[in-house]
Amino acid sequence: MKYFTHRRGRFSILYFGFSIYIAIGTHESPANGIFNGNQGNDASYALRNSAQHPASTMTGDWGGYRTYLRDRGIDLAATWTNETAGNTTGGDRRTAAETNQIAAIMDIDAEKLVKWKGATFNFTFTSRWGTNLITRAGLYTLQQPQEVWGRGQTTRLTGLWYNQKLGNHFSFKIGRLPTGADFDNVPCLTMVNYFCGATTGNMDGNRWLNWPVSTWGGYLKYNSPLWYLQAGAYEQNMRNLDNKFFLGYVHGATGALLPFETGLRLHMGSHRYPGVYRIGGWINTASAPDILLATNGQPAVTGGLPMLERGSSHGGYLWFQQQLTGTFSEKSGQDPVVLQGLTAYVTLTMVDKKTSPVSSQVTGSLRYLGLPWRRHDAVTLAFGTNHVNSRLATLEWYQAGKKGPRRDSEFAIETDYTIQFRPWVYIEPNVQFWVNPGGYTQRDLVTVIGMKTGFTF
Numbered sequence: 527m528k529y530f531t532h533r534r535g536r537f538s539i540l541y542f543g544f545s546i547y548i549a550i551g552t553h554e555s556p557a558n559g560i561f562n563g564n565q566g567n568d569a570s571y572a573l574r575n576s577a578q579h580p581a582s583t584m585t586g587d588w589g590g591y592r593t594y595l596r597d598r599g600i601d602l603a604a605t606w607t608n609e610t611a612g613n614t615t616g617g618d619r620r621t622a623a624e625t626n627q628i629a630a631i632m633d634i635d636a637e638k639l640v641k642w643k644g645a646t647f648n649f650t651f652t653s654r655w656g657t658n659l660i661t662r663a664g665l666y667t668l669q670q671p672q673e674v675w676g677r678g679q680t681t682r683l684t685g686l687w688y689n690q691k692l693g694n695h696f697s698f699k700i701g702r703l704p705t706g707a708d709f710d711n712v713p714c715l716t717m718v719n720y721f722c723g724a725t726t727g728n729m730d731g732n733r734w735l736n737w738p739v740s741t742w743g744g745y746l747k748y749n750s751p752l753w754y755l756q757a758g759a760y761e762q763n764m765r766n767l768d769n770k771f772f773l774g775y776v777h778g779a780t781g782a783l784l785p786f787e788t789g790l791r792l793h794m795g796s797h798r799y800p801g802v803y804r805i806g807g808w809i810n811t812a813s814a815p816d817i818l819l820a821t822n823g824q825p826a827v828t829g830g831l832p833m834l835e836r837g838s839s840h841g842g843y844l845w846f847q848q849q850l851t852g853t854f855s856e857k858s859g860q861d862p863v864v865l866q867g868l869t870a871y872v873t874l875t876m877v878d879k880k881t882s883p884v885s886s887q888v889t890g891s892l893r894y895l896g897l898p899w900r901r902h903d904a905v906t907l908a909f910g911t912n913h914v915n916s917r918l919a920t921l922e923w924y925q926a927g928k929k930g931p932r933r934d935s936e937f938a939i940e941t942d943y944t945i946q947f948r949p950w951v952y953i954e955p956n957v958q959f960w961v962n963p964g965g966y967t968q969r970d971l972v973t974v975i976g977m978k979t980g981f982t983f
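For this note's numbering, add 526 to where a residue sits in the sequence shown, where the first one is 1.
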């Protein structure tokens, strides 16, 4: 595996060794009840976890000062995620790549701080740096083997919002926020992008912005113990993708993204295992170029004419999580927390075939949390497929002189083992298999060996 001779590969091995050393170097046992099989390893969950359990952070309680701030409504946390991956088969070359993200988060409970009932505020900053295995190895995959890479290796304002509860059932949120934080919010189960974050944003990222990109917007939500309904509006502004730090733009909007979603919280079987079932959709009022047709209404084979502009685009998604075995905890009006056992996850996403390079995605995952020999470790097996838009495949086939196969579907499989050494550090070795990378049936199988590591400070 010669790619580990690259300087980034050597750094990754040293980094991995350092992670093991500091994790095993202490002998404290993880606290009970702070691990959540639903949320994956996202930064927002790390904040909620550290706020409730200061011992779950690497830096502890700061001599009691962290608890002092929390009791007065100010919760502070930071996370660092590293993802290193190398391909052993497939692609144009064998190599490795490493990418990182730091997130700094502050939540303010205004009711505790200034007696503003039902009000909370959030400030989130992220910084990403590193390299992308797709580019370095020439993998041609439709989505990322390293989910934390993307949207520019830069520092961003990811969250600046105000949330207000209105009685027992209604609430609203406004400010700068990622659309995928509140709609189509899929837990981050693995290192492959198929199984991490809002699927719509991963497929149609020019119209739906996921973490770490934020945009001006907000939503109104009705929430009850059994079900919820929410609808929002977010600015469509491509300047939000600028590769630099900014607080927000006043000009440049071309339309609005209008998402809507409803969900049910159900219990199945004699053990009353909880499940969450969501369905949603969206309309984008901004114009977008057709993926196949030129302004003359014919396939844009020669490229001599501009692409036909479509006045809007739309899509929909279905997501469910169902616990199958084990134990759980839950609070009224909130999604359940898996404490131990097997949980199934399924997503189905459709985007606009007139404007998107891909048309549909299906994923299925099984995650077992709480193994007999390590009660906070987890094993995950995930499968996903992305279908290349047949209209785009047709255009490419015309441009190639109607020779060769058309692009079709890509398939991704990942299996990983999450080792939760301490409440504040985990490592997640994984193996990924990519069949028909990019939807090209003639391309070889891509095999990726990866390592995801996370710290909460």
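Even for Gly, the Cβ is constructed at its ideal location relative to N, Cα and C.
Problem - Continuous alpha helix (DSSP H) stretch holding K638: start and end - result: Taking the first residue of the sequence shown as position 1, residue 638 is located at position 112. Per DSSP, K638 belongs to the alpha helix (DSSP H) from 636-640.
Problem - the segment 670-680 contacting the segment 631-647, beta-carbon criterion three pairs below 8 angstroms - result: no
Problem - C-beta contact flag for T625 and G612 at 8 angstroms - result: On the sequence shown, residue 625 is found 99 positions in, with the first residue counted as 1. On the sequence shown, residue 612 is found 86 positions in, with the first residue counted as 1. Not a contact, by the Cβ cut-off of 8 angstroms.
Practice task
Can you give me the Cβ contacts of D957 inside the same chain, cut-off strictly under 8 angstroms, excluding the 5 residues immediately before and after it?
Solution key: Locating residue 957 in the sequence shown gives position 431, where the first residue counts as 1. The sequence shown places Val at residue 957, not Asp. Answer for V957: E940, T941, D942, T973, V974, I975, G976, listed in chain order.
Practice task
Could you tell me whether the segment 798-813 touches the segment 778-790, using the rule of 3 or more Cβ pairs below 8 angstroms?
Solution key: yes
Exercise for the section: Assign V864 to one of two classes, buried (16 or more other C-beta atoms within 10 Å of its C-beta) or exposed (fewer than that). Expected result: The sequence position of residue 864 within the sequence shown is 338, counting from 1. V864 should be labelled buried.
Problem - Nonlocal neighbours in the same chain, by C-beta distance under 8 angstroms from H532, ignoring five residues either side - result: As a first step, residue 532 must be located in the sequence shown, where it is residue number 6. Confidence at H532 is low in this model, with a pLDDT of 43, below 50, so its placement is unreliable and the value that follows should be read with caution. T621, A622.
Problem - Span of the beta strand (DSSP E) around D816 - result: Position 290 of the sequence shown, counting from 1, holds the residue named residue 816. Unbroken beta strand (DSSP E) run through D816: 814-820.
Practice task
Quick one: using the 10 Å Cβ neighbour count with 16 as the cut-off for buried, is F721 buried or exposed?
Solution key: Taking the sequence shown and counting its residues from 1, the one referred to as residue 721 is at position 195. The residue is buried, with at least 16 neighbouring Cβ atoms inside 10 Å.
Handout entry: Span of the alpha helix (DSSP H) around S582
Key = Walking along the sequence shown from the start, residue 582 turns up at place 56. Neither: S582 is in no alpha helix (DSSP H) and is coded neither H nor E.
Handout entry: Enclosing alpha helix (DSSP H) for W923 [first to last residue]
Key = As a working mapping, residue 923 is identified with position 397 in the sequence shown. Unbroken alpha helix (DSSP H) run through W923: 916-925.
Problem - Alpha-carbon to alpha-carbon, T726 and N915 - result: Your numbering for residue 915 matches position 389 in the sequence shown. Your numbering for residue 726 matches position 200 in the sequence shown. Rounded to the nearest angstrom, the two C-alpha atoms are 15 angstroms apart.
Problem - As assigned by DSSP and simplified to three states, the class of T873 - result: Taking the first residue of the sequence shown as position 1, residue 873 is located at position 347. Strand.
Exercise for the section: Please list, in chain order, all residues of the same chain as W675 whose beta carbon is under 6 angstroms from its beta carbon, the five residues on each side excluded. Expected result: Taking the sequence shown and counting its residues from 1, the one referred to as residue 675 is at position 149. Cβ neighbours of W675 beyond the five flanking positions: T625, N658.
Handout entry: Cβ-based neighbour list, N962, same chain, cut-off 8 angstroms, excluding 5 preceding and 5 following
Key = For the purposes of this step, residue 962 is taken as residue 436 along the sequence shown, with counting starting at 1. Answer for N962: D934, S935, E936, F937, R969, listed in chain order.
Exercise for the section: Would you check if the distance between the CB atom of L668 and the CB atom of G965 is smaller than 8 angstroms? Expected result: To locate residue 668, count along the sequence shown from 1; it is residue 142. To locate residue 965, count along the sequence shown from 1; it is residue 439. Their beta carbons are under 8 angstroms apart, which means L668 touches G965 by this criterion.
Practice task
Give the DSSP-derived three-state secondary structure of G976 in the structure shown.
Solution key: Here residue 976 is taken as the residue at index 450 of the sequence shown, counted from 1. Strand, per DSSP.
Exercise for the section: In the DSSP assignment, find the beta strand (DSSP E) that holds A938 and state where it starts and stops. Expected result: Here the question's residue 938 lines up with position 412 in the sequence shown. Counting along the chain, the beta strand (DSSP E) containing A938 begins and ends at 935-948.
Problem - Per-residue DSSP class, three states only, for F981 - result: As a working note, residue 981 is residue 455 in the sequence shown. F981: strand per DSSP, three-state reduction.
Problem - Identity of the residue in E609, I600, A604 nearest L639 by Cα - result: Within the sequence shown, numbered from 1, the residue matching residue 639 stands at position 113. Ranking E609, I600, A604 by Cα distance to L639 puts I600 first.
Exercise for the section: Alpha carbon to alpha carbon, how far is G758 from Y724? Give it in angstroms, no decimals. Expected result: As a working mapping, residue 724 is identified with position 198 in the sequence shown. As a working mapping, residue 758 is identified with position 232 in the sequence shown. As written in the sequence, residue 724 is Ala, which differs from the Tyr given in the question. For A724 and G758, the distance between alpha carbons rounds to 15 angstroms.
Handout entry: alpha helix (DSSP H) segment containing S724, residue limits
Key = Looking up residue 724 in the sequence shown gives position 198. The amino acid at residue 724 is misidentified as Ser; the sequence shows Ala. Element bounds for A724: n/a, residue is neither H nor E.
Practice task
Quick one: measure Cβ to Cβ for G778 and R765, integer angstroms, because I've assumed they're closer than 8 angstroms.
Solution key: Position 252 of the sequence shown holds residue 778. Position 239 of the sequence shown holds residue 765. Yes, G778 and R765 are in contact; Cβ-Cβ is about 4 angstroms, under 8 angstroms.
Exercise for the section: Would you mind sorting E835 into buried or exposed? The rule is 16 or more other CB atoms within 10 Å of its CB. Expected result: Translated into the one-based positions of the sequence shown, residue 835 becomes position 309. Exposed, by the Cβ-count rule.
Handout entry: Backbone secondary structure at R798 - three-state DSSP
Key = Translated into positions along the sequence shown, residue 798 becomes position 272. The answer is coil: DSSP assigns R798 none of H, G, I, E or B.
Practice task
Tell me whether L668 sits in a helix, a strand or coil according to DSSP, three-state version.
Solution key: In the sequence shown, the residue the question calls residue 668 occupies position 142. Three-state result, L668: coil.
Handout entry: Three-way DSSP call (helix, strand, coil) for W588 in this model
Key = Here residue 588 is taken as the residue at index 62 of the sequence shown, counted from 1. Helix at W588.
Handout entry: Residue closest to S838, alpha-carbon to alpha-carbon, out of L892, G830, H793, A782
Key = Along the sequence shown, one-based indexing puts residue 838 at 312. Of the listed residues, the one whose Cα sits closest to S838 is A782.
Problem - Contact between the segment 925-934 and the segment 880-898 (3+ Cβ pairs under 8 angstroms) - result: no
Problem - Beta-carbon proximity check, K699 vs G744, cutoff 8 angstroms - result: Taking the first residue of the sequence shown as 1, we reach residue 699 at position 173. Taking the first residue of the sequence shown as 1, we reach residue 744 at position 218. Yes, these two residues count as a Cβ contact at 8 angstroms.
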